[in-house]
Ligand SMILES: *[C@@H]1O[C@H](CO)[C@@H](O)[C@H](O)[C@H]1NC(C)=O
Ligand SMILES: *[C@@H]1O[C@H](CO)[C@@H](O)[C@H](O)[C@H]1NC(C)=O
Ligand SMILES: *[C@@H]1O[C@H](CO)[C@@H](O)[C@H](O)[C@H]1NC(C)=O
Ligand SMILES: *[C@@H]1O[C@H](CO)[C@@H](O)[C@H](O)[C@H]1NC(C)=O
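Numbering (the UniProt record's numbering), first residue to last: 1 to 468.
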């Protein structure tokens, strides 16, 4: 048993090891409740860039199906985080996210002129559904850029910086307070529509200049703005809203921004990173919770495969990506880029084709985690996994313990699962399996005796065992 010794790269090459394991008596996997790691906020996605508009054009029954697939714990993935895009564009052409204050008021000392339309490119509808129909608590509102008139370039697209942060002086003055007011007003518009935004961000991939909304920032420049945003939220009675930073394009870049953020460490509430240019590669040096807020197979052709050749869009690949972020890199949240969208790539979890909505196995990979690892659960220690099998474990608020197994080998692996460090022995156990032919089906043959659960983990499958 070589626990912890399984590199991600060797994932697909452990068939013989697992076959061997299956002929032995089951490995004893021990969950240690006294060994605790990060607290979880959960798993999520986004309907930014007018993807929510695409959802809204579906027939009512397909809308419900799509929402169920994202947020229902019985019919879908049971996601618990929604990331909204706060618009900065002057219009809604193409997939632009329109600003809530498109017009330059004439300077940073003038009050902003709001044009809230009560829709927010249909993101408000998705958020209301998430919160009120499905009980989602984490709504992360994130701006890709400030409106153009607040920036060095006068344009919300094509990079540029927020006027007033270090190294970005503008003849029109310092717009930091206006941008803070702008973000607060967005939160209030949602509050007035009965949706509580819990996290707010003001950057997206700030190391990148793109033809759509984009704003450059270093860690130091982000801190220059956070200094203003913190007190502005407090004054508006929004101290409970966590400030998130900085949604860098890759893990390494976000790590690089941390030192610049040090002066505002007490004001910050969440560290966020994408994983395009580099994947989560270990815990970040921060006391704050960390979310991986954007990842996707952006260009791969649509695939509904769970496990084939290890392709970038396969469900099993995403089960592993999530593992790498949550278990190896201390993430409390993990988000795919888009939930539901049209088009023939893997950039979303669920595809819209005409009036037809189709989930991918990526969605079910998220479901295998998200349905059982609920908000405020704590990751706990687990040891003794058979070779070729990755395990993780979480204690939920209701006392249940969810243990995940990702079996990279092609043979089944027998396991016995026991929980140590708790006050009561486990009285019941249930398992769910996802592989090429099962979508989170109940796993047969899970038994419990004297508090120890036993099960067989099929090859190339992800199994969750919940002990209560
Ligand atoms: C606001 O949301 C809460 C919590 O979901 C709900 O109980 C309440 O009915 C909602 N109120 C309105 C006016 O929608
Ligand atoms: C501030 O928020 C709290 C709860 O979040 C509420 O009880 C209080 O009335 C609010 N005060 C103002 C001035 O809005
Ligand atoms: C993991 O994240 C938590 C915050 O959620 C932090 O307190 C803890 O120090 C981190 N652990 C490591 C090993 O970095
Ligand atoms: C886990 O993923 C499998 C494979 O797609 C899927 O069949 C199953 O429904 C998922 N389980 C849950 C609980 O969503």
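We put the CB at the ideal spot given by N, CA and C, even for glycine.
Assign residue i to one of two classes, buried (16 or more other C-beta atoms within 10 Å of its C-beta) or exposed (fewer than that).
{"i": "residue 211", "result": "exposed"}
{"i": "residue 96", "result": "buried"}
{"i": "residue 129", "result": "buried"}
{"i": "residue 283", "result": "exposed"}
{"i": "residue 274", "result": "buried"}
{"i": "residue 470", "result": "In the structure as shown, the chain begins at 1 and stops at 468. Residue 470 is therefore absent and cannot be evaluated."}
{"i": "residue 361", "result": "buried"}
{"i": "residue 23", "result": "Because the pLDDT of residue 23 is 36, which lies under 50, any placement of that residue in the model is unreliable, and the question is left without a value."}
{"i": "residue 460", "result": "buried"}
{"i": "residue 297", "result": "buried"}
{"i": "residue 471", "result": "Residue 471 cannot be examined here, being either before or after the span of the chain that is shown, 1 to 468."}
{"i": "residue 63", "result": "buried"}
{"i": "residue 113", "result": "exposed"}
{"i": "residue 169", "result": "exposed"}
{"i": "residue 466", "result": "buried"}
{"i": "residue 176", "result": "buried"}
{"i": "residue 314", "result": "buried"}
{"i": "residue 132", "result": "exposed"}
{"i": "residue 462", "result": "buried"}
Can you tell me where the beta strand (DSSP E) holding residue i begins and where it ends?
{"i": "residue 393", "result": "389-395"}
{"i": "residue 186", "result": "Premise fails: residue 186 lies in the alpha helix (DSSP H), 176-192, not in any beta strand (DSSP E)."}
{"i": "residue 50", "result": "Segment: none, residue 50 is in no beta strand (DSSP E) and carries neither H nor E."}
{"i": "residue 35", "result": "27-39"}
{"i": "residue 405", "result": "401-407"}
{"i": "residue 289", "result": "289-294"}
{"i": "residue 142", "result": "138-143"}
{"i": "residue 413", "result": "413-420"}
With a threshold of 7 angstroms, establish whether the CB of residue i neighbours any heavy atom of ligand 3.
{"i": "residue 39", "result": "yes"}
{"i": "residue 287", "result": "yes"}
{"i": "residue 330", "result": "yes"}
{"i": "residue 483", "result": "Given that the chain is displayed from residue 1 to residue 468, the structure contains no residue 483 and the question cannot be resolved."}
{"i": "residue 375", "result": "no"}
{"i": "residue 359", "result": "no"}
{"i": "residue 263", "result": "no"}
{"i": "residue 283", "result": "yes"}
If you drop the 5 nearest sequence neighbours on each side, which residues of the same chain put their C-beta closer than 8 angstroms to that of residue i?
{"i": "residue 285", "result": "255, 258"}
{"i": "residue 173", "result": "107, 108, 109, 163, 164"}
{"i": "residue 82", "result": "44, 45, 46, 47, 126, 127, 130, 136, 138, 139, 140"}
{"i": "residue 7", "result": "Note that residue 7 scores a pLDDT of 29, beneath 50, so its modelled location is shaky and nothing firm can be said."}
{"i": "residue 59", "result": "355"}
{"i": "residue 350", "result": "66, 69, 70, 339, 340, 341, 357, 358, 359, 360, 363"}
{"i": "residue 353", "result": "342"}
Does the Cβ-Cβ distance between residue i and residue j come in under 8 angstroms?
{"i": "residue 37", "j": "residue 379", "result": "yes"}
{"i": "residue 149", "j": "residue 204", "result": "no"}
{"i": "residue 403", "j": "residue 417", "result": "yes"}
{"i": "residue 415", "j": "residue 429", "result": "no"}
{"i": "residue 300", "j": "residue 311", "result": "yes"}
{"i": "residue 440", "j": "residue 330", "result": "no"}
{"i": "residue 382", "j": "residue 393", "result": "yes"}
{"i": "residue 190", "j": "residue 146", "result": "no"}
{"i": "residue 121", "j": "residue 87", "result": "yes"}
{"i": "residue 213", "j": "residue 156", "result": "yes"}
{"i": "residue 294", "j": "residue 268", "result": "no"}
{"i": "residue 395", "j": "residue 332", "result": "no"}
{"i": "residue 303", "j": "residue 346", "result": "yes"}
{"i": "residue 233", "j": "residue 184", "result": "yes"}
{"i": "residue 453", "j": "residue 426", "result": "yes"}
Who are the Cβ neighbours of residue i in its own chain at under 7 angstroms, not counting the five residues just before and after it?
{"i": "residue 160", "result": "151, 152, 153, 215, 216"}
{"i": "residue 348", "result": "338, 339, 340, 341"}
{"i": "residue 279", "result": "251, 324"}
{"i": "residue 187", "result": "141, 197, 200, 238, 241"}
{"i": "residue 14", "result": "A caution first: residue 14 carries a pLDDT of 35, below 50, which makes its placement in the model too unreliable to give a value."}
{"i": "residue 317", "result": "310, 311"}
{"i": "residue 68", "result": "75, 76"}
{"i": "residue 49", "result": "85, 95, 97"}
Can you find a heavy atom of ligand 6 that lies under 7 angstroms from the Cβ of residue i?
{"i": "residue 70", "result": "This structure simply doesn't include ligand 6; it includes ligand 1, ligand 2, ligand 3 and ligand 4 instead."}
Using a Cβ cut-off of 8 angstroms (strictly closer), state whether residue i contacts chain C.
{"i": "residue 352", "result": "Annotation note: the requested chain C is absent from the structure, which comprises a single protein chain."}
Looking only at its chain, what residues have a beta carbon closer than 6 angstroms to the beta carbon of residue i, apart from the 5 residues adjacent to it on each side?
{"i": "residue 244", "result": "199, 201, 270, 272"}
{"i": "residue 21", "result": "Confidence is the limiting factor: at residue 21 the pLDDT is only 38, short of 50, which leaves the residue's position unreliable, though a coordinate-based value still follows. For residue 21, where only same-chain residues beyond five positions count, the Cβ hits under 6 angstroms are 386, 413."}
{"i": "residue 253", "result": "207"}
{"i": "residue 390", "result": "323, 406"}
{"i": "residue 469", "result": "Because residue 469 is not part of the residues shown, which for the chain are 1 to 468, the question remains open."}
Ends of the alpha helix (DSSP H) at residue i?
{"i": "residue 316", "result": "315-326"}
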